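Counted the way this note's numbering counts, the sequence shown spans residues 1465 to 1745.
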Amino acid sequence: MSVFKKSCDEIMVTQLYSSKVVLKNTAEAVIVPLKGGISTLNEVYEALIKADVDPVTEQCSNYDYIRQKIVQAHQLLKQSEQTASSGLKCLDESLERLTQDEGKLKSSAMLIGGGIEIHQAGNAIIEAEEEVKKSDAEVNQYECKVSDYESKISQTKRDISEKDDKLKQKCEEIQKVKKQCKSVADFQKKVRSAVHLLDVLSGRASVTEHQTRRFILQEPVMKVMEDVMKATEEITGNKVLYNNGMPKLLKQLKKNSKRLAAICASEDSSEMNTTKCWFCF
């Protein structure tokens, strides 16, 4: 085995391992704060459902707690997004190295040298066969030359075939890492949307519970979190999500969202009997 061939094998295995490890570590790292963020959002919903409201001032008794939880959820999701950003950077670097190695494989001296060697060996065979005809005394000598060059041609062809296989594997690995980059980038985008939404929500959370309720229902909080879960599954796999209890958390979030919507609908119905709701958009 040539030094170059051994080097290619080592690089291939190292980079394959590297990209898998990066994705695995990224997936594990984003899950922890993401799970905390969804759990905290559930606490926000539950607080809004259970909150006591002064009928005169409409002030929410647990306003400070609700706002604190919204800010906490925002921070946790932001942490998850930043972790994804770091993982994506590592994958991009891995992709860049793979692309460089692909270029080296395509233009390597083995392919060029191999082509020249085949050509030279082919000419040598013809020359040797002509010499055989000239002198019976030299038959054995030139037959050995023919056999030697034919052996070199076969070896060179095998080397080229192996190089083609390595190039094919490299191309497949590049496509795999590109897909990983796309999945992590999509996750980052979805979580960033959730972070932005919670940032706006923390700014609008009011001592008037009605405003906070209406905002969290009217803005696509539930839809954004569902998108985040789908994107998470792309980089972690369904098994990791279930092992961390993520589907159960999202199911609870949906349940709380429906309960909050029912409460608001009931309040709307009561208020419509007297006057138009002041907080409707």
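Here a beta-carbon is modelled for each residue, glycine too, at the ideal position from N, C-alpha and C. Since the structure is predicted, the reported quantities are computational estimates derived from the model, not experimental observations.
Straight-line Cα distance separating residue j from residue i
i, j, result
"Glu-1697", "Arg-1622", "42 Å"
"Asp-1516", "Leu-1662", "23 Å"
"Leu-1724", "Asn-1702", "29 Å"
"Lys-1643", "Lys-1514", "44 Å"
"Gly-1567", "Ile-1638", "12 Å"
"Ala-1726", "Asn-1707", "31 Å"
"Gln-1536", "Asp-1556", "30 Å"
"Lys-1718", "Asp-1528", "24 Å"
Distance CB(residue i)-CB(residue j) smaller than 9 Å
i, j, result
"Ser-1721", "Met-1693", "no"
"Ala-1491", "Thr-1620", "no"
"Val-1655", "Glu-1545", "yes"
"Ser-1666", "Arg-1561", "no"
"Val-1648", "Lys-1542", "no"
"Val-1664", "Cys-1554", "no"
"His-1511", "Asn-1489", "Looking at the sequence itself, residue 1511 is Ala, so the reference to His does not match. Against a cut-off of 9 Å, the Cβ pair of Asn-1489 and Ala-1511 comes out as no contact."
"Lys-1616", "Leu-1569", "no"
"Cys-1645", "Leu-1705", "no"
Cβ shell of residue i (< 6 Å), same chain only, five flanking positions each side left out
i, result
"Lys-1533", "Thr-1504, Glu-1507, Val-1508"
"Ser-1483", "Ser-1558, Val-1641"
"Leu-1540", "Pro-1497, Gly-1500, Gly-1501"
"Ala-1695", "Asp-1650, Phe-1651, Lys-1654"
Residue i at chain D interface by Cβ criterion, 9 Å
i, result
"Glu-1545", "In the structure shown, chain D cannot be found, because there is only a single protein chain."
Contact set for residue i: own chain, Cβ-Cβ below 8 Å, skip 5 residues either direction
i, result
"Leu-1714", "Ile-1502, Met-1689, Glu-1690, Met-1693"
"Gln-1716", "Asn-1506"
- Message: Whether or not the stretch 1537 to 1554 and the stretch 1494 to 1509 are in contact is what I'm after, with contact meaning three or more pairs of Cβ atoms, one per stretch, closer than 8 Å; do they touch?
- Response: With the rule of 3 Cβ pairs closer than 8 Å, the stretch 1494 to 1509 counts as touching the stretch 1537 to 1554.
- Query: So, do the stretch 1642 to 1661 and the stretch 1627 to 1634 have three or more beta carbon pairs nearer to each other than 8 Å?
  - Reply: Flag = no, the stretch 1642 to 1661 and the stretch 1627 to 1634 do not touch.
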